[in-house]
Amino acid sequence: MSQPVYPVPANWAADALIDEAKYQALYRRSVDDPDGFWREEAKRLDWIKPFTKVKETSFHEADFGIRWFGDGSLNLSANCLDRHLGTRGDQVAILWEPDSPDGPARRITYRELHEQVCRFANLLRSRGVGKGDRVTIYLPMVPEAAVAMLACARIGAIHSIVFAGFSPEALAGRIQDCDSRVVLTADEGLRGGKAIPLMANVDAALAHAPGVETVIVLAHTGANVVMRDGRDVDWAEGVEGQSPDCAPEEMGAEDPLFILYTSGSTGKPKGVLHTTGGYSVWASMTHEYVFDYRPGQIFWCAADVGWVTGHTYVVYGPLLNGGTTVMFEGVPNYPDPSRFWQIVDKFQVEIFYGAPTALRALMREGDEWVARTSRKSLRLLGSVGEPINPEAWEWYYRVVGEARCPIVDTWWQTETGGATMTPLPGATALKPGAASWPMFGVRPLLLDAEGQILEGAAEGSLVIADSWPGQMRTVWGDHERFFQTYFTTYKGYYFTGDGCRRDEDGYYWITGRIDDVINVSGHRMGTAEIESALVAHSKVAEAAVVGMPHAIKGQGIYAYVTTNAEVEPDEALRAELVKWVRTEIGPIATPDVIQFTPALPKTRSGKIMRRILRKIAENDTGNLGDTSTLADPGVVDHLLANRPQVE
Ligand code: 6R9
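Take 7 as the starting number for the sequence shown in the working numbering and just add one per residue.
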């Protein structure tokens, strides 16, 4: 079947920052002369001390290391704020829309944001926070989350944002791993009309994280919370009386900027560390080129700041580029499935960037919810977080964008800092579902199982051959794990964990994770994490978790559970385990299916045969493949006979 291709619209090819010829020329230069290319791109920032060195990187064990602009210095907060004050001080920097359409929106100018950041940075300093200290941020999608990030960057503190949907247990683990002494939170968050007890969660978390000395609490909903003397500070009271000036700390390009925990295929979440110079150049450059962004345009990335997409494209990219960024506290279908498009009309959003899972959920509600809004302001659409299926792509293109707006399907990872493969709106003819072309400086390769490089049209493991400035620098506190996780599967290459196909035209198509990571509604979950949560329950002996196809979420969570001998599994236990996982990790880890089984299918050497479990979960049971190494084939028959009915 031939794939539809949508050529670059004539007006885009003529007016865009980058057309196809320019893309080709710049891409060549970026890989042939990285030092020259990045020296130019780095001019987009104000440097305190100019760098002389550009790229000092190696993916090989003998001289492994990643440094960009290593001897330069800068401050990211000053680049996002101070340098815009002269030209766009009165321009709106953040347009905030609350959960409820009845609540007042907020418009914060660059000048106001600068002042708020300085006051808050001074408050942090007054609590003893300085360069290199870790600050955990557990806030809802409110402008204060951006204020907190920028204030940390201003004084050189390393922020670690924990998504406000995570449980107290998950929060405690992340606070402890990076040894934060300060936590920023709110009384409550609001999503879809439901209150989330953030302060209560922090209290519960701190029972397991005794090192925290200061909790700064934003009164957001006005709920009653118990403040502890000496530890807790009311946000508004704390900033009152602080000076509106705060000198930005001079940061080395390789000084840490933030930690963001993400799931891997094994063990506990990894603290992905990004540093100041390379990340900033990458955030600004990708935001400008991918979205063809001009200062002042209304840009809405509908991601939460708890994920990397929110870091790079709600806060840092747009503000570095003098943008107006929309922050939305709520969810796509509250109070009704028109909400996104009503906000587009309300703020006259020009560029909208969202996740396939939200689009699929909205698509299911019917076109009518979209059609009743205007959307005339939209000129470009974006997608991120997981592969977008062609049906959802076409719906997004035709119904939301009325076949007027190109779609940039940006493939990237927490580890890559910003868009790593993507179409560019003025350069790339679009193929629905293709991540298309590498961003400047990115050298993707497809490898086979033996690590041989595949040429031409092919499918294999996606690796990246050389470093780019936005690449993560280490796993917090465990540099060895960084090297082991990403650079040993295929020696000398960065291993993405994704499978990928390259077609006859050289377009890249991400096929999904090939490790034990599943992607639920665009959120990464390590199957090992969910398994350890299940096994931690007193009635569970063993558990294996795999992904299953899910119409809205992309992938759902399918858990096989073996109970302890004396326990009779029943519906009550099923409900109890679902609740248990939600408390251990958070609602995003809620199992969709739990299948009880007297045993798991294992090889004679005791390895769980996940391949078979995946097939059963996918209901693709016609051909289970080679089962000859199974220790007890009866286990599989039992699993097949007792597979729960799944919609
Ligand atoms: C930015 C972000 C990373 C994983 C990644 C891949 C999947 C993200 C995608 C995509 C296909 C896209 N992914 N964007 N797959 N097309 N446009 O999502 O970071 O949360 O770390 O997830 O998400 O599998 O490896 P992160």
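Backbone N, C-alpha and C fix where the C-beta goes; we use that ideal spot for every residue, glycine too.
Asked: Burial state of residue 582, where buried means 16 or more other Cβ atoms lie within 10 Å; Found: exposed
Asked: Buried or exposed (CB count within 10 angstroms, at least 16 for buried), residue 621; Found: buried
Asked: Cα-Cα separation, residue 7 to residue 397; Found: Confidence is the limiting factor: at residue 7 the pLDDT is only 48, short of 50, which leaves the residue's position unreliable, though a coordinate-based value still follows. Computed Cα separation, rounded: 15 Å.
Asked: Reduced DSSP category for residue 7 - H, G, I as helix; E, B as strand; rest coil; Found: In this prediction, residue 7 has a pLDDT of 48, which is less than 50 and means its spatial position is unreliable; what the coordinates show is noted afterwards. Correct three-state label for residue 7: coil.
Asked: DSSP-derived helix/strand/coil call for residue 73; Found: strand
Asked: Pick from 635, 11, 482, 335 that is closest to residue 615, judged by C-alpha positions; Found: 635
Asked: Cβ-heavy atom distance, residue 410 to ligand 1, below 6 Å; Found: no
Asked: C-alpha gap between residue 420 and residue 479, whole angstroms; Found: 12 Å
Asked: Residue 516 CB to nearest heavy atom of ligand 1 below 6 Å; Found: yes
Asked: Which residues DSSP lists as bridging residue 508, in chain order; Found: 464, 514
Asked: Ligand 1 heavy atom lying under 6 Å from the CB of residue 392; Found: yes
Asked: Residues near residue 181 in its chain [Cβ-Cβ closer than 6 Å; skip 5 each side]; Found: 142, 215
Asked: Beta-bridge pairing of residue 556 - partner residues as DSSP gives them; Found: 560
Asked: Sheet register partners of residue 64 (DSSP bridge); Found: 71
Asked: Close beta carbons around residue 338, own chain, < 7 Å, minus the five adjacent residues each side; Found: 345, 346, 364, 367, 368
Asked: DSSP three-state assignment for residue 652, whether helix, strand or coil; Found: coil
Asked: Any non-hydrogen atom of ligand 1 within 6 Å of residue 530 CB; Found: yes
Asked: Expected contact under 8 Å - CB spacing of residue 318 and residue 424 to nearest Å; Found: 5 Å
Asked: C-beta contact flag for residue 448 and residue 417 at 7 Å; Found: no
Asked: 7 Å Cβ cutoff met for residue 117 and residue 101; Found: no
Asked: Host alpha helix (DSSP H) of residue 293 (start-end); Found: 282-296
Asked: Residue 635: CB within 6 Å of a non-hydrogen atom of ligand 1; Found: no
Asked: Stretch pair the stretch 561-572 + the stretch 144-156: three plus CB contacts closer than 8 Å; Found: no
Asked: Residue 450 versus residue 470: straight-line alpha-carbon distance, rounded; Found: 4 Å
Asked: Sequence-distant residues of the same chain with beta carbon closer than 7 Å to residue 128, five excluded per side; Found: 248, 249, 252
Asked: Endpoints, alpha helix (DSSP H) assigned at residue 453; Found: Taken as a continuous stretch (DSSP letters only), residue 453 belongs to no alpha helix (DSSP H), being part of the beta strand (DSSP E) at 450-453.
Asked: Any non-hydrogen atom of ligand 1 within 6 Å of residue 268 CB; Found: yes
Asked: C-alpha distance - residue 188 paired with residue 482, whole-angstrom precision; Found: 17 Å
Asked: Distance, residue 511 Cα to residue 26 Cα; Found: 14 Å
Asked: Cβ of residue 577 within 7 Å of any chain C Cβ; Found: Note that chain C does not occur in the displayed structure, where there is just one protein chain.
Asked: Every unbroken beta strand (DSSP E) within the stretch 400-427, with a cutoff of 3 residues, ordered by chain; Found: 413-416
Asked: Residue 85 in three-state terms, based on DSSP; Found: helix
Asked: For residue 38, the first and last residue of its enclosing alpha helix (DSSP H); Found: 26-38
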